[in-house]
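Asks: The structure under discussion is supplied below as structure tokens; questions concerning it will follow.
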């Protein structure tokens, strides 16, 4: 038996445009609700949400039977963190703050078994292999892991082509808030200069032959990024959606 087919990775390779929801609350109940709401993907955020491997595993398990594909954003590009998340059963990961092709290459190697990489060979006791039930996992896992890196600094923008050229990088995802802060527009991702920089970055990612991604926070930005052909677009997050819904209740 081989590693499960990564439908999201295959869809991105075919140029699909997929829309999803950020999950920051760390709740498998919220993940279950979101997974049945028509999103193409749901992202479990362990960077600005809780880094809780047991909670992440519960959300992965909850999302698996739903139509939404699971993505996990790790808190940092650390080999041991990537190993844990993959062993929990994640097949698509988002890695923040990747600035150079060397950093991107290190992430890819951390996500692949030897000889292509350095991933530790312990999944036979973890959920990735259904605790040993998937006997052929290690031989087939490399091809099904989807690695997406975040472009969040001016340095990363300057290195887009070099990062995109790294074998094993399946997509480049722009973080508009951190990018704006790094470029001198703290809390101003909608500044015209920032939007021009974001548009240029998206077009360069596509020109380099890789899928793009971005977080959108308004109807205007959603429409703008759709028009640019963004492949992975976040339509919002569970915490923000919940807060907005509660504020609309009569008081």
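Residue numbers (the numbering used here): 110 to 360. For glycine and all other residues, C-beta sits at the position ideal for the given N, C-alpha and C.
1. With burial defined as no fewer than 16 other Cβ atoms inside 10 Å of the residue's Cβ, what is the status of residue 146: buried or exposed?
2. CA-CA distance, residue 162 and residue 182?
3. Any contact of the region 339–349 with the region 132–140, i.e. 3+ C-beta pairs under 8 Å?
4. Taking the alpha carbon of residue 289 as the point to measure from, which residue in 185, 297, 232 has its own alpha carbon closest?
5. Restricting to Cα atoms, I'd like to know which of 273, 184, 233 is closest to residue 313.
6. Check whether the Cβ atoms of residue 120 and residue 249 lie closer than 7 Å to each other.
7. Check for me: the alpha helix (DSSP H) holding residue 164 runs from which residue to which?
8. For residue 142, tell me which candidate among 246, 357, 172, 190 has the shortest Cα-Cα distance.
9. With distances taken Cα to Cα, identify the nearest neighbour of residue 226 among 215, 235, 236, 232.
10. From residue 316 to residue 360, what does the alpha carbon distance come to, in whole angstroms?
11. Helix, strand or coil for residue 358? Go by DSSP, reduced to three states.
12. Suppose you measure from the CA of residue 321 to the CA of residue 176; what does that come to, to the nearest Å?
13. Tell me whether the region 275–290 and the region 230–242 touch, counting them as touching only if at least three CB pairs, one residue from each stretch, are closer than 8 Å.
14. With respect to the beta strand (DSSP E) encompassing residue 182, which residues constitute its N-terminal and C-terminal limits?
15. Check whether the Cβ atoms of residue 137 and residue 168 sit closer than 7 Å, and answer yes or no.
16. Going by DSSP, what residue range makes up the alpha helix (DSSP H) through residue 270?
Replies: A quick look at the data gives this:
1. Against the chain shown, residue 146 aligns to sequence position 37. It counts as exposed.
2. As a working mapping, residue 162 is identified with position 53 in the chain shown. As a working mapping, residue 182 is identified with position 73 in the chain shown. One C-alpha to the other measures close to 12 Å.
3. yes
4. As a working note, residue 289 is residue 180 in the chain shown. Per the Cα distances, 297.
5. Taking the first residue of the chain shown as 1, we reach residue 313 at position 204. For the residues 273, 184, 233, the minimum Cα distance to residue 313 belongs to 273.
6. Indexing the chain shown from 1 puts residue 120 at position 11. Indexing the chain shown from 1 puts residue 249 at position 140. Taking 7 Å as the Cβ cut-off, residue 120 and residue 249 do not qualify as a contacting pair.
7. The count along the chain shown starts at 1 and reaches residue 164 at position 55. Segment 162–172, the alpha helix (DSSP H) holding residue 164.
8. Position 33 of the chain shown, counted from the first residue, corresponds to residue 142. Of the candidates 246, 357, 172, 190, the one whose C-alpha sits nearest the C-alpha of residue 142 is 172.
9. Your numbering for residue 226 matches position 117 in the chain shown. For the residues 215, 235, 236, 232, the minimum Cα distance to residue 226 belongs to 215.
10. As a first step, residue 316 must be located in the chain shown, where it is residue number 207. As a first step, residue 360 must be located in the chain shown, where it is residue number 251. Roughly 51 Å between the two C-alpha positions.
11. Counted from its first residue, the chain shown places residue 358 at position 249. Coil at residue 358, not helix or strand.
12. One-based indexing of the chain shown puts residue 321 at position 212. One-based indexing of the chain shown puts residue 176 at position 67. Cα to Cα, residue 321 sits roughly 22 Å from residue 176.
13. no
14. As a working note, residue 182 is residue 73 in the chain shown. It spans 178–182 - the beta strand (DSSP E) in which residue 182 sits, taken as one unbroken run.
15. In the chain shown, residue 137 corresponds to position 28, counting from 1. In the chain shown, residue 168 corresponds to position 59, counting from 1. Contact flag set, yes.
16. Translated into positions along the chain shown, residue 270 becomes position 161. Note, residue 270: alpha helix (DSSP H), 269–273.
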